[in-house]
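The sequence shown begins at 2 in our numbering and counts up one residue at a time.
Cβ atoms here follow ideal geometry from the backbone N, Cα and C, with glycine treated the same way.
What follows is one structure encoded as structure tokens, with my remarks underneath.
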Amino acid sequence: MPQFNDTELTAAVISSFEETPDPRVKFLMEELVKSLHDFVRRTDLSFEEWDYAINFLTRTGQKCTPTRQEFILLSDVLGVSMLVDAVNHREREGATETTVLGPFYVGEHKPMPHGADISANLSGERMFVQSRVTDLEGKPLAGVPVDVWHADDEGYYDSQRPSYATEGPSSRARFVTDADGRFFFRTILPCSYPIPTDGPVGEMILQTRRHPMRPAHVHFLVDAPGYQPLITHVFIEGDKYLDSDVVFGVKDDLISSIERRSDKVMPDGQTTAEPWHLMTYDFRMKPGAGMAPKPMMAAAEDA
Ligand SMILES: [Fe+2]
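In structure tokens form, the structure reads like this:
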């Protein structure tokens, strides 16, 4: 019977993957074991702590539903999501910066006509969003689907509301760029919001005395054929959580000043009686390839 000291054990587990047919899977498994074993050795992990970790991960999985992804949230608050983003986007070459997908890319993103109000059923300060999708030289990209989603003015995504099951999506939609690469829509000004704190991830945030807040933002996923899928946010300048985003997702280039407007005519010529905000942000796409993620429920149906 082989017996191993703690260093030999690591070597034995690594060599157990020797016959793995896929070299990338073999490499990932070996490196994962090295890192996990190093963690246990460095911390002298106790049985109680190991048991807590197993229980924590079990509860994280149990908290997941077709519209809730506690594991993405865990990855986000531990900075893993932004690290994966960083190692995959080292050179942007003038392309728009990227950030986390987050756990709220769920449900169906219904195509809507330009100018549509994606938050027509919600209260809040009204906002007009106008944007253009181009290549790195500024050439417009037409016919490109752009998914948008954001929280309401109480800090909740539609999928967190009981009404989601009966009323369907709100503050989320798909637009397709016109011949000039443009798209535009109406919505409300989103506010900063706490990540869900009623699960194990929130429990960890509170126990470690971190705050759970994300600065106000709108999510965009731009998926142009022949270009790397762009997963990003546009953050709203002046938000008090820009310097301490709980998921470490803020980049300077993604912060946009929102104009407060009181003129009656909006950029598409329609009139309004109430004050409104204007968000203008253009996206520059980097040539390449890649698979854009699917909204969570659609991905589950495909599985
Ligand atoms: Fe978000």
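Just checking residue 108 against ligand 1 - is the residue's beta carbon closer than 6 Å to any of the ligand's heavy atoms? It does not: the Cβ of residue 108 is nowhere closer than 6 Å to a heavy atom of ligand 1.
With a threshold of 6 Å on Cβ separation, who are the neighbours of residue 117 within its own chain once the five nearest residues in sequence on each side are excluded? Correct list, in chain order: 186.
Going by DSSP, which residues form a beta bridge with residue 176? Looking at the DSSP assignment, residue 176 forms a beta bridge with 147.
Return the first residue and the last residue of the alpha helix (DSSP H) that residue 76 is part of. Counted as a single uninterrupted DSSP element, the alpha helix (DSSP H) harbouring residue 76 occupies residues 71-78.
Given a cut-off of 7 Å on the beta-carbon distance, is the pair residue 267 and residue 242 in contact? Taking 7 Å as the cut-off, the beta carbon of residue 267 is found no closer than this to the beta carbon of residue 242.
Cβ of residue 103 versus every heavy atom of ligand 1: is any distance shorter than 6 Å? Yes, ligand 1 has a heavy atom inside 6 Å of this Cβ.
Please classify residue 212: is it buried, with 16 or more other beta-carbons within 10 angstroms of its beta-carbon, or exposed? Burial check for residue 212: the Cβ neighbour count within 10 Å stays below 16, so the residue is exposed.
Are residue 262 and residue 97 close, meaning C-beta to C-beta below 7 Å? Against a cut-off of 7 Å, the Cβ pair of residue 97 and residue 262 comes out as no contact.
Assign residue 203 to one of two classes, buried (16 or more other C-beta atoms within 10 Å of its C-beta) or exposed (fewer than that). So residue 203 ends up on the buried side.
Pair every Cβ in the region 189-208 with every Cβ in the region 132-148, then say whether three or more of these pairs are closer than 8 Å. The region 189-208, when compared against the region 132-148, does not touch it at the 8 Å Cβ threshold.
At 3 residues or longer, what runs of the beta strand (DSSP E) sit wholly inside the region 174-261? As for any beta strand (DSSP E) of minimum length 3 sitting wholly inside the region 174-261, the runs are 183-189, 218-223 and 231-237, ordered along the chain.
Hey, how far is the Cα of residue 170 from the Cα of residue 94? Residue 170 and residue 94 have their alpha carbons spaced roughly 35 Å apart.
Under 7 Å between the Cβ atoms of residue 188 and residue 120? Yes, the Cβ-Cβ distance between residue 188 and residue 120 is below 7 Å.
Would you say residue 174 and residue 134 are within 7 Å of each other, going by their C-beta atoms? Cβ atoms of residue 174 and residue 134: not closer than 7 Å.
Would you kindly work out how many angstroms separate the C-alpha atoms of residue 272 and residue 172, rounded to a whole number? Going by the C-alpha atoms only, they are around 21 Å apart.
Does the count of Cβ pairs from the region 76-85 and the region 222-235 closer than 8 Å reach three? With contact defined as three or more Cβ pairs closer than 8 Å, the region 76-85 and the region 222-235 are not in contact.
Just confirm the distance between the C-beta atoms of residue 106 and residue 297, as a whole number of angstroms; I'd bet it's less than 8 Å. Going by Cβ atoms, the distance from residue 106 to residue 297 rounds to 6 Å, so yes, they are a contact pair.
Kindly indicate which three-state DSSP category residue 278 falls into: helix, strand or coil? Shown here, residue 278 sits in a strand according to DSSP, grouped into three states.
Residue 275 versus 129, 196 and 137, residue with shortest Cα-Cα distance: For residue 275, the closest of 129, 196 and 137 by C-alpha to C-alpha distance is 129.
Once DSSP output is grouped into helix, strand and coil, what is the label at residue 43? Residue 43: helix per DSSP, three-state reduction.
Which residue comes first and which comes last in the beta strand (DSSP E) that contains residue 5? Careful: residue 5 lies outside any beta strand (DSSP E) and carries neither H nor E.
Nearest-angstrom Cα separation, counted from residue 56 out to residue 201: C-alpha separation (whole angstroms): 10 Å.
Would residue 292 be called buried (16 or more neighbouring beta carbons within 10 Å of its own) or exposed? Residue 292 is exposed by the Cβ-count criterion.
What is the rounded straight-line gap between the Cα of residue 132 and the Cα of residue 283? About 5 Å.
Classify residue 297 as helix, strand or coil using the three-state DSSP reduction. Helix.
Ignore the nearest five residues each way along the sequence and tell me which others in residue 229's own chain have a CB closer than 6 Å to its CB. Beyond the five residues adjoining it in sequence on each side, residue 229 comes within less than 6 Å, by CB distance, of 287, 289 and 291 in the same chain, given in chain order.
Could you check the C-alpha separation between residue 281 and residue 126 for me, to the nearest Å? Taking the straight line from one Cα to the other gives about 16 Å.
Among all the DSSP beta bridges, which residues are the ones paired with residue 284? Looking at the DSSP output, residue 284 bridges to 134.
The alpha helix (DSSP H) that contains residue 52, what's its start and end? Counting along the chain, the alpha helix (DSSP H) containing residue 52 begins and ends at 48-63.
I believe residue 197 touches residue 10 by the beta-carbon criterion, under 8 Å. Please report the beta-carbon distance rounded to the nearest angstrom. With a Cβ gap of about 38 Å, residue 197 and residue 10 do not count as contacting.
For residue 254, which residues in the same chain have their Cβ closer than 6 Å to its Cβ, ignoring the five residues on either side in sequence? Around residue 254: 98.
Less than 8 Å between the CB atoms is what I'm expecting for residue 61 and residue 50, so what's the real figure, rounded? Taking a contact as a CB-CB distance under 8 Å, the pair residue 61 and residue 50 does not count as one, their CB atoms being some 16 Å apart.
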